[in-house]
Amino acid sequence: MPIIAKLLWLLLFCSLTVSADEEAKVTGEPSAELKQLSPDYKEGEDYRVLKTPEKHDATAIQIVVAEVFWYGCPHCYTLEGIASSWEQTLPKDVKFIRVPAFFGPNIWKNHANLYYTIQNMGIVDKVHYGIFDEIQNKKNYLENSGKMSAFLKSKFKVDKNKFLKTYKSLKVTHQLMEASTRTRAYGITGVPALVVGGQYIVEPGLAQSLEKMTDITDYLIAKIRRDRDKKT
């Protein structure tokens, strides 16, 4: 093939790729060209289906992706960096939330209590990654509210009294009960995990890598859209 012809072919390919990307950004759904390039992930091999899907409004447009995590988990720390970047690419019809997992009255529950406390104080963006860093890299495990409040005051100037009041609040207690119910309903025995649309669960064991978890989640988001459109 002559050089000029090759250049023209490459320019045409690039323009098609850009157009496909722009279409995905506008509609929130991969174009036909991009769908052809997507891997065909399989149930039981790459993800699993919830035995009892979460109840949701069948007419709801928004798809919720829940990151189930624990501050004491090194794999959760790694996924947090991946998921935070990936979250910025999500279309408007996808909502990303975090659910702190715990399996009893232990440090898991205390860390879940910590997350809901900073969430209610409106400081998640400010301190969330710093908490991970303190536990994973500094080995300060923040196992009780006293150590948590001392760390947050020292590192982020968070008011200690306000933190402790929120930590013990009825709202946080209620959120902990909801998180416990969700964790059991998901059938999760380990973390991290991504729960997609209350129907599918993506875990490292099946995904085989933390990086692949968000790719599989993208696939499942598109699948939920297609299945939903078939019903309308």
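Mapped onto mature numbering (1 follows the signal peptide of the UniProt record, and there is no 0), the consecutive letters of the sequence shown carry residue numbers -20 to -1, 1 to 212. We put the beta carbon where it would ideally sit given N, CA and C, even for glycine. Predicted model, so just to flag it, every value in this text is computed and none were measured.
Are the beta-carbon atoms of residue i and residue j separated by less than 7 Å?
| i | j | result |
| --- | --- | --- |
| Val48 | Val171 | yes |
| Thr163 | Ala81 | yes |
| Gly177 | Ile77 | no |
| Val107 | Phe83 | no |
For residue i, which residues in the same chain have their Cβ closer than 8 Å to its Cβ, ignoring the five residues on either side in sequence?
| i | result |
| --- | --- |
| Thr161 | none |
| Tyr166 | Leu30, Val48, Ala173, Val175, Ile181 |
| Pro19 | Asp195, Tyr199 |
| Lys210 | none |
On the DSSP bridge list, what partners appear for residue i?
| i | result |
| --- | --- |
| Pro80 | Phe49 |
| Ile43 | Val74 |
| Glu23 | Tyr27 |
| Ala173 | Val48 |
| Tyr180 | Val29, Val176 |
What do you reckon, is the C-beta of residue i under 6 Å from a heavy atom of the ligand COA?
| i | result |
| --- | --- |
| Lys35 | With respect to the ligand COA, the structure offers nothing, as it holds no ligand at all. |
Check each candidate in the options and name the one with the smallest Cα separation from residue i.
| i | options | result |
| --- | --- | --- |
| Gly52 | Lys119, Lys142, Phe136, Tyr27 | Lys119 |
| His208 | Tyr95, Tyr27, Asn86, Asp73 | Here residue 208 turns out to be Arg, not His, going by the sequence shown. Selected option, being the one with the closest Cα: Asp73. |
| Thr197 | Ser125, Leu70, Thr32, Trp50 | Leu70 |
| Lys142 | Ser125, Glu158, His154 | Ser125 |
| Asp105 | Asn117, Ser64, Pro85 | Ser64 |
| Lys75 | Ile103, Pro85, Ala46 | Ala46 |
| Val79 | Glu60, Gln68, Gly24 | Glu60 |
Can you name, in chain order, every residue of its own chain whose Cβ lies under 7 Å from the Cβ of residue i, other than the five neighbours on each side?
| i | result |
| --- | --- |
| Ser129 | Lys140, Phe143, Leu144 |
| Lys151 | Asn100 |
| Tyr147 | Asn93, Thr97, Ser125 |
| Lys192 | none |
| Trp66 | Thr194 |
| Phe131 | Glu114, Asn120, Leu122 |
| Tyr27 | Tyr21, Tyr180, Ile181, Val182, Leu186, Ile196, Leu200 |
| Ile41 | Asp73 |
| Glu133 | It is Lys, not Glu, that sits at residue 133 in the sequence shown. Answer for Lys133: Lys140, listed in chain order. |
| Pro33 | Gly178, Gln179 |
So with Cβ pairs under 7 Å, would you call residue i a contact of chain B?
| i | result |
| --- | --- |
| Ala165 | No chain B is part of this structure, which consists of one protein chain only. |
Near residue i, what residues of its chain come up, given a Cβ to Cβ distance below 6 Å and the 5 sequence neighbours on each side ignored?
| i | result |
| --- | --- |
| Thr7 | With a pLDDT of 46 at Thr7, under the threshold of 50, the predicted position of this residue should be treated as unreliable, though the coordinate-derived value follows. Correct list: empty, nothing qualifies. |
Are at least three pairs of beta-carbons, each pair with one atom in the segment 109 to 123 and one in the segment 47 to 57, less than 8 Å apart?
Between the segment 109 to 123 and the segment 47 to 57, the count of C-beta pairs closer than 8 Å reaches three or more; the two stretches touch.
Does the structure place the segment 145 to 159 close enough to the segment 80 to 89 that three or more beta carbon pairs sit under 8 Å?
Judged by Cβ distances under 8 Å, the segment 80 to 89 makes contact with the segment 145 to 159, as three or more pairs qualify.
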